[in-house]
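Heads up: the sequence shown at position 45 corresponds to 45 in UniProt numbering, and the numbers run straight through without jumps.
The C-beta atom is built at its ideal place from N, Cα and C for all residues, glycine as well.
Just so we're clear, the structure is a prediction, and the values are computed from it rather than from any experiment.
Accompanying notes for the structure given below.
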Amino acid sequence: MVWRYKNRWFRRWLVLIVFWAVPVMIVAANEIREQLAYDSEDLSHALSSWTFTDAQRALPAIQRCHGLIDEARSAGCPQDVLAMKAAADQQAIAQYAVRKSVLFGYLWTAFVGYWVVPAVTLFVLGAVIGVIRRSLRHPMKKAQGHESKTHEPPRVAKP
Numbered sequence: 001m002v003w004r005y006k007n008r009w010f011r012r013w014l015v016l017i018v019f020w021a022v023p024v025m026i027v028a029a030n031e032i033r034e035q036l037a038y039d040s041e042d043l044s045h046a047l048s049s050w051t052f053t054d055a056q057r058a059l060p061a062i063q064r065c066h067g068l069i070d071e072a073r074s075a076g077c078p079q080d081v082l083a084m085k086a087a088a089d090q091q092a093i094a095q096y097a098v099r100k101s102v103l104f105g106y107l108w109t110a111f112v113g114y115w116v117v118p119a120v121t122l123f124v125l126g127a128v129i130g131v132i133r134r135s136l137r138h139p140m141k142k143a144q145g146h147e148s149k150t151h152e153p154p155r156v157a158k159p
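Here it is, written out as structure tokens:
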């Protein structure tokens, strides 16, 4: 019957940690979904918006510059405006990639903080409690050959 209850605390810890992973993953999935939706919308806004200088606004061909770069190029937008827009688009794409990597770095830190650290803490706490309980239940046996005697001070021969 002893084998049935062996490592019971470990199984309980494992069940607890697996069930604790569910809300952590739900929160992480919602965070990923919301942040990626916001970043994607911001990227599409940056790719479709145009910024002109005052000199460029005075040009009659500037009215053809709208939408994505390919649409503006086929509509006859001036090349200097397209070059400036291409640089801005490249910067927006790089910013999107940075946001994505920062998001996943943040989520990794949150995963470690909200799941790994509590799991390790509970495991160590359970192991310490288990060792203490075991030591209290089964005290160390005395070495054989030594009888329990009361402590007597060493005798010194009188001169």
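The three-state reading of DSSP puts residue 126 in helix, counting H, G and I together.
Boundaries of the alpha helix (DSSP H) around residue 109: 79-111. Here the C-alpha atom of residue 28 lies approximately 24 Å from the C-alpha atom of residue 93. Distance from the Cα of residue 43 is smallest, within the candidate group 87, 56 and 95, for 95. A direct Cα-Cα distance of roughly 24 Å separates residue 129 from residue 21. Cβ-Cβ distances below 7 Å link residue 56 to 62 and 81 in the same chain, with the five nearest sequence neighbours on each side left out; the list follows chain order. Buried is the label assigned to residue 69, since at least 16 other Cβ atoms lie within 10 Å of its Cβ.
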